[in-house]
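If you're matching positions, the sequence shown starts at 238 in our numbering and goes up one per residue.
Below you'll find the structure, written out as structure tokens, and then a few comments.
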Amino acid sequence: MKKQDKENNILFGLIELYIKNGRPIGSNTLKESGFDHLSSATIRNYFFKLEESGYLTQQHVSGGRLPTEAAYKFYINHPSDKEYFGKAKKKALEKSLFFEGKEVVSYFHQIVSVLSELTGCAVWISTPRFDQDFIIDIKLLMLDHQRLLCIVLTSFGMVHTEVFYTETKPSNFSIKRVEAYLHFLRTGLDRPNLDEEELKLAEHLHREILLKHIAGHTSFTQEDIYKTGFSKLLEYEEMQDSATLANTLALFEHPGCLPKLCEETRQENHIKVWIGDDLQAYTQGICHASMILAPYSIREKPVGALGLLGPTRIPYKLLIEILRYASELLTATLTTLLFKHHMTYRIAQTPGLNYQEAPTYLADTQKQLIEDYSKPINKDLA
238 MKKQDKENNI
248 LFGLIELYIK
258 NGRPIGSNTL
268 KESGFDHLSS
278 ATIRNYFFKL
288 EESGYLTQQH
298 VSGGRLPTEA
308 AYKFYINHPS
318 DKEYFGKAKK
328 KALEKSLFFE
338 GKEVVSYFHQ
348 IVSVLSELTG
358 CAVWISTPRF
368 DQDFIIDIKL
378 LMLDHQRLLC
388 IVLTSFGMVH
398 TEVFYTETKP
408 SNFSIKRVEA
418 YLHFLRTGLD
428 RPNLDEEELK
438 LAEHLHREIL
448 LKHIAGHTSF
458 TQEDIYKTGF
468 SKLLEYEEMQ
478 DSATLANTLA
488 LFEHPGCLPK
498 LCEETRQENH
508 IKVWIGDDLQ
518 AYTQGICHAS
528 MILAPYSIRE
538 KPVGALGLLG
548 PTRIPYKLLI
558 EILRYASELL
568 TATLTTLLFK
578 HHMTYRIAQT
588 PGLNYQEAPT
598 YLADTQKQLI
608 EDYSKPINKD
618 LA
């Protein structure tokens with residue numbers, strides 16, 4: 238074995254052991270973990286050379302070594318014959334991500350949830366917008382004496398919410414009749430009898446909902462992003478420090494971080510990794526986080542990215558293999574769904590193919606109106 242190969246083996250062995258136990262690695266510890274054919278003195282000599290090369294650091298003179306960000310990157314980019322995500326695990330993931338319905342939004346939520354549980358990281362997916370998404374149901378709920386919550390469900394699994402204001406509080410019976418009338422307008426079935434005020438409210442809601450739905454297909458400047466697994470970060474020892482956790486979560490709050498990295502990954506069409514200082518522009522203070530992103534395609538065209546976030550001490554090789562395989566499954570599933578359901582899609586910032594901002598979910602209810610309806614509805618209609 239060449240000298241450089243021996244040095245690499247020492248480095249990679251230390252990295253994988255550190256990822257596993259999270260403690261600085263001394264020469265004796267490494268010797269007991271698969272390097273018993275080398276003396277402790279020989280291992281220390283390798284440590285010294287790796288420190289000079291910028292791959293190891295030492296917190297204390299008498300302490301063990303830690304891998305640097307440069308070491309992680311070298312480790313990630315170095316080819317390996319070792320299989321980190323075997324056939325049985327791939328089969329299990331394939332089963333977990335199986336989907337053949339039309340509600341693609343539900344599928345995206347399924348993907349990030351499964352991957353977050355599997356990887357122990359926060360996970361997200363950036364997606365294109367799919368056409369032929371029709372309103373299938375509208376539910377109404379009075380929040381108080383003036384605010385009316387409108388919940389819109391679509392055929393692709395989208396859930397949008399709107400808050401409207403009324404001059405007087407309609408009765409629950411009136412709300413149900415208005416809801417039934419909206420159902421009649423969509424289906425032509427079972428027209429209810431409404432009084433004049435109920436009819437005005439129903440027609441106004443119907444007009445606003447349709448306008449909002451149509452307008453949503455004309456201002457798509459940024460990919461939709463679905464994310465989950467923030468609580469997973471709390472399971473890492475590194476994230477017990479409140480400042481470290483806050484800086485890491487800030488990556489999700491920064492308006493340019495996820496969209497920019499997802500778009501970069503999609504454009505370059507290969508797996509990309511950001512570690513520590515690579516993410517400094519999106520945080521305040523020292524960043525102790527890493528991101529791994531993998532592109533996925535529809536009909537061989539990159540359309541989005543799968544990503545995960547964790548501390549710098551994560552099993553990169555394993556996570557990269559998981560994301561790569563999940564991307565392959567996602568690509569195959571979406572391509573099949575488009576053929577099966579005759580769906581088309583649009584990518585953000587494509588000229589002439591713009592859509593709306595990210596969808597609003599029930600948990601994020603806020604007033605979103607095309608016009609200014611800060612005044613009561615009935616007064617505007619008068």
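Glycine residues also receive a C-beta, built at the ideal position from the N, C-alpha and C atoms.
Check: Go to A518, then tell me how far its alpha helix (DSSP H) extends in each direction, as first and last residue.; Outcome: Where A518 is concerned, there is no enclosing alpha helix (DSSP H), given that its DSSP letter is neither H nor E.
Check: With distances taken Cα to Cα, identify the nearest neighbour of F467 among L486, K339, A480 and S527.; Outcome: L486
Check: Suppose you measure from the CA of Y582 to the CA of Q347; what does that come to, to the nearest Å?; Outcome: 20 Å
Check: Hey, would you say I557 sits closer than 9 Å to I313, going by beta carbons?; Outcome: yes
Check: Relative to the alpha-carbon of S564, which residue among I508, P552, E354 and K577 has its alpha-carbon at the smallest distance?; Outcome: I508
Check: Which residues in the same chain have their Cβ closer than 6 Å to the Cβ of S205, if we skip the five residues on either side of it in sequence?; Outcome: In the structure displayed, the chain extends from 238 to 619; residue 205 sits before or after that span and is not available.
Check: At the level of alpha carbons, what is the spacing between L380 and T398?; Outcome: 13 Å
Check: What's the call for S264, buried or exposed, on a 16-neighbour Cβ count within 10 Å?; Outcome: buried
Check: To the nearest angstrom, how far is it from the Cα of L437 to the Cα of F401?; Outcome: One point to set straight first is that residue 437 is Lys, not Leu, in the sequence displayed. If I take the Cα positions, the gap works out to 14 Å.
Check: Could you compute how far the alpha carbon of E269 sits from the alpha carbon of Q504?; Outcome: 45 Å
Check: Per DSSP, what are the beta-bridge partners of L293 in this structure?; Outcome: P304
Check: If I measure Cβ to Cβ from S611 and keep anything under 8 Å in the same chain, skipping five residues before and after, which residues do I get?; Outcome: In this prediction, S611 has a pLDDT of 35, which is less than 50 and means its spatial position is unreliable; nothing more can be read from the coordinates.
Check: Quick one: what's got a C-beta closer than 8 Å to R561's C-beta in the same chain, skipping five residues either side?; Outcome: I508 and A531
Check: Between I252 and the rest of its own chain, which residues show a CB-CB distance below 8 Å, the 5 nearest in sequence each way excluded?; Outcome: P304, A308, Y309 and Y312
Check: For a test of the three-state rule: what should DSSP assign to P496, helix, strand or coil?; Outcome: helix
Check: Nearest to T573 by CA position, among F336, V342, G357 and K469, is which residue?; Outcome: F336
Check: Check whether the Cβ atoms of P552 and I256 sit closer than 9 Å, and answer yes or no.; Outcome: yes
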